[in-house]
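K.L.:
Per this note's numbering: the sequence shown = residues 3 to 375.
Ideal Cβ positions, reconstructed from N, Cα and C, are used throughout, including at glycine.
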Amino acid sequence: MKAQTVKTQFSHSILNRMTICSAWSLGLMLGCATSVAPPGIEELPRSPYWNAPEVLELTRHAEEHRSDALIIVQDEQLIYRAGQTVEKINTHSVRKSIMAVLYGIAIEKGLLNLGDTLEGLGYDDLETPLTSIEKQATIRDLLTSRSGIYIDASGQNWQRPQRHSSKPGESFFYNNWGFNALGEILERKAGMPLGEIIVEWLAKPLGMQHFTGNDVDWDNIDGSSVKQYVIYMSADDLTRVALLVANDGVYQGKRLVSANWIREMTTAHSSAETDAKKLFGGGFFDGYGYLWWTRYQHGRRLICADGWGGQYIIIDPETRLVLINRRNTGTHLLAQGWFLWRGEETDRPYIYQLFENINQLLRAKEASSASVP
3 MKAQTVKTQF
13 SHSILNRMTI
23 CSAWSLGLML
33 GCATSVAPPG
43 IEELPRSPYW
53 NAPEVLELTR
63 HAEEHRSDAL
73 IIVQDEQLIY
83 RAGQTVEKIN
93 THSVRKSIMA
103 VLYGIAIEKG
113 LLNLGDTLEG
123 LGYDDLETPL
133 TSIEKQATIR
143 DLLTSRSGIY
153 IDASGQNWQR
163 PQRHSSKPGE
173 SFFYNNWGFN
183 ALGEILERKA
193 GMPLGEIIVE
203 WLAKPLGMQH
213 FTGNDVDWDN
223 IDGSSVKQYV
233 IYMSADDLTR
243 VALLVANDGV
253 YQGKRLVSAN
263 WIREMTTAHS
273 SAETDAKKLF
283 GGGFFDGYGY
293 LWWTRYQHGR
303 RLICADGWGG
313 QYIIIDPETR
323 LVLINRRNTG
333 THLLAQGWFL
343 WRGEETDRPY
353 IYQLFENINQ
363 LLRAKEASSA
373 SVP
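Given below as structure tokens:
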């Protein structure tokens with residue numbers, strides 16, 4: 003896609019979002035309570051523990067901990083759903099975890115290989131050209147954040163290592179340049195815009211009810227021609243992606259991506275402890291796979307996606323428990339500035355402890371049921 007076209011689409015998309023937000027706000031002021039949003043994930047069957055008193059007791063303080071939407075599912079059955087579940091909210095860095103699923107599909111379609119190098123793909127940064135060594139970074143290096151390419155990147159405001167301090171594949175560093183490049187590379191190989199890719203490869207097969215091809219924006223900064231993709235998605239639609247991962251690539255009996263890819267994607271290929279301690283709550287996560295985090299909590303391995311503000315996916319692959327948390331940070335810069343001013347991301351430790359408490363509750367109930375003759 004040509005840069006001018008991307009910038010034009012970005013500008014139009016932002017204007018459309020601002021118009022929609024203004025209309026929504028006006029509707030609230032006029033007392034309009036009618037919603038035309040589809041029902042979303044509530045169409046899933048209810049778990050036997052749906053809104054059980056113990057579940058309601060455990061979740062009753064979620065809003066106080068700055069959660070705007072919370073969904074809990076196990077085995078594709080709803081346990082809890084509350085808040086802004088149909089609002090299209092910026093996924094922030096959860097976009098990267100969605101991208102990892104798309105790459106699994108792309109590789110299985112034969113569009114790309116993990117060993118493809120940037121040089122072989124003919125990919126470069128036009129504002130800060132890559133060196134011959136940097137061009138040897140592979141798709142696998144980008145997915146594992148081990149590219150060794152340390153140059154300016156849109157959406158990254160933390161200090162990066164000195165350029166050329168590591169070769170591709172040598173060191174892990176959470177690096178937006180590589181994440182952003184993956185979006186552009188996928189568009190080129192698939193031959194269609196990222197929003198359309200998500201629609202065709204995920205939204206339609208998963209039965210998403212809110213996402214459209216227009217829910218992807220792009221931005222860039224001086225110093226790099228590589229643009230950052232921004233994905234807006236409702237909590238309901240994001241839950242479908244999480245369930246796909248929790249079920250090893252299958253959703254409602256239909257396989258979209260191989261189980262081998264899901265396992266490889268969610269296996270830690272790097273220790274997250276090598277990353278800057280100021281990021282991610284002082285070493286909150288233990289490892290990094292293909293754009294997904296891993297965390298050991300109370301002896302259990304969790305699969306996690308994590309985005310600024312409070313965009314969380316938490317999966318226990320053993321119990322197949324899934325939690326989605328969302329925090330509405332706004333749909334344009336002015337709204338995000340307002341979010342920063344009014345303050346504070348979702349309380350991440352609280353959400354993870356809530357997940358553990360729900361997990362313990364369900365395991366106890368299942369054990370109790372199994373012991374009944």
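Is glycine 296 helix, strand or coil by DSSP?
P.N.:
Looking at the sequence provided, one finds threonine at residue 296 rather than glycine. Strand at threonine 296.
K.L.:
Within this structure, are the beta carbons of arginine 328 and alanine 71 separated by less than 7 angstroms?
P.N.:
Yes, Cβ-Cβ distance for arginine 328 and alanine 71 is below 7 angstroms.
K.L.:
Please name the residue in Ala155, Trp160, Ile100 whose C-alpha comes closest to that of leucine 188.
P.N.:
Comparing Cα-Cα distances from leucine 188 to each of Ala155, Trp160, Ile100, the minimum goes to Ile100.
K.L.:
Within the chosen definition, does the segment 121 to 129 reach the segment 93 to 111 through at least 3 CB pairs nearer than 8 angstroms?
P.N.:
The segment 121 to 129 vs the segment 93 to 111: no contact.
K.L.:
For the ligand PLP, is there any heavy atom lying closer than 6 angstroms to the beta carbon of isoleucine 317?
P.N.:
Within the structure as shown, the ligand PLP is missing, as the structure has no ligands at all.
K.L.:
Leaving out five residues before and five after tryptophan 310 in sequence, what residues of the same chain have Cβ atoms less than 8 angstroms from its Cβ?
P.N.:
Around tryptophan 310: His94, Ser95, Thr331, Glu347.
K.L.:
Can you name, in chain order, every residue of its own chain whose Cβ lies under 6 angstroms from the Cβ of glycine 215, other than the five neighbours on each side?
P.N.:
Contacts found: Gly197, Glu198, Val201.
K.L.:
Using the C-alpha atoms, what's the distance from leucine 104 back to lysine 112?
P.N.:
Note that residue 112 corresponds to glycine in the displayed sequence, not to lysine. About 13 angstroms.
K.L.:
Given this structure, state the Cα-to-Cα distance separating serine 371 from isoleucine 43, to the nearest angstrom.
P.N.:
Approximately 27 angstroms, taken between the alpha carbons.
K.L.:
Nearest by alpha-carbon distance to valine 232: which of Trp220, Ala64, Ser226 is it?
P.N.:
Residue Trp220 is the option with its Cα nearest to valine 232.
K.L.:
I need the DSSP call for serine 27, collapsed to helix, strand or coil.
P.N.:
Since pLDDT at serine 27 reaches only 40, below the 50 mark, its modelled position is unreliable, and no value is offered.
K.L.:
Can the beta-carbon of asparagine 178 be found closer than 7 angstroms to that of glycine 157?
P.N.:
Yes.
K.L.:
For the segment 230 to 247 against the segment 317 to 324, are there 3 or more C-beta pairs whose distance is under 8 angstroms?
P.N.:
Counting Cβ pairs under 8 angstroms, three or more are found: they touch.
K.L.:
Could you give the distance in angstroms between the alpha-carbon of leucine 356 and the alpha-carbon of lysine 137?
P.N.:
Each residue's Cα considered, the two are about 44 angstroms apart.
K.L.:
In angstroms, rounded to a whole number, what distance separates the CA positions of serine 173 and leucine 58?
P.N.:
Cα to Cα, serine 173 sits roughly 44 angstroms from leucine 58.
K.L.:
Taking leucine 145 as the reference, which of Trp263, Ala102, His300 has the closest Cα?
P.N.:
Considering only alpha carbons, the answer is Ala102.
K.L.:
With H, G and I counted as helix, E and B as strand and the rest as coil, what does DSSP make of tryptophan 52?
P.N.:
Correct three-state label for tryptophan 52: coil.
K.L.:
Report the three-state DSSP secondary structure of aspartate 219 (helix, strand or coil).
P.N.:
Strand.
K.L.:
For the alpha helix (DSSP H) holding leucine 323, just list the boundary residues, first then last.
P.N.:
Element bounds for leucine 323: not the alpha helix (DSSP H) but the beta strand (DSSP E), 323 to 328.
K.L.:
What residues are listed by DSSP as bridge partners for tyrosine 231?
P.N.:
Answer by DSSP bridge pairing, in chain order: Trp220.
K.L.:
For glutamate 110, which of Tyr51, Cys306, Ser260, Ala307 has the nearest alpha-carbon?
P.N.:
For glutamate 110, the nearest C-alpha among the options comes from Ser260.
K.L.:
Does the beta-carbon distance from glycine 150 to serine 168 come in below 7 angstroms?
P.N.:
Yes, these two residues count as a Cβ contact at 7 angstroms.
K.L.:
Based on DSSP bridge pairs, tell me the residues matched to asparagine 92.
P.N.:
Per DSSP, Tyr234.
K.L.:
Rounded to whole angstroms, what's the CA-CA distance from glutamate 320 to methionine 235? Just pull it up for me.
P.N.:
Taking the straight line from one Cα to the other gives about 27 angstroms.
K.L.:
If I'm right that glycine 254 touches glutamate 78 with Cβ under 8 angstroms, what's the distance once you round it to whole angstroms?
P.N.:
It is worth fixing the name first, because residue 254 is glutamine in this sequence and not glycine. The Cβ separation is near 7 angstroms, so the contact holds.
K.L.:
Can you tell me whether DSSP reads tyrosine 105 as helix, strand or coil?
P.N.:
In the structure shown, tyrosine 105 sits in a helix (DSSP, three-state: H, G or I).
K.L.:
Please report the straight-line C-alpha distance between glycine 312 and tyrosine 354, rounded to a whole angstrom.
P.N.:
Each residue's Cα considered, the two are about 11 angstroms apart.
K.L.:
Note down the Cα distance separating isoleucine 317 from tyrosine 290, rounded to an integer number of angstroms.
P.N.:
Whole-angstrom Cα-Cα distance: 15 angstroms.
K.L.:
In the DSSP assignment, find the alpha helix (DSSP H) that holds isoleucine 317 and state where it starts and stops.
P.N.:
It is not in any alpha helix (DSSP H) - isoleucine 317 instead sits in the beta strand (DSSP E) that spans 313 to 318.
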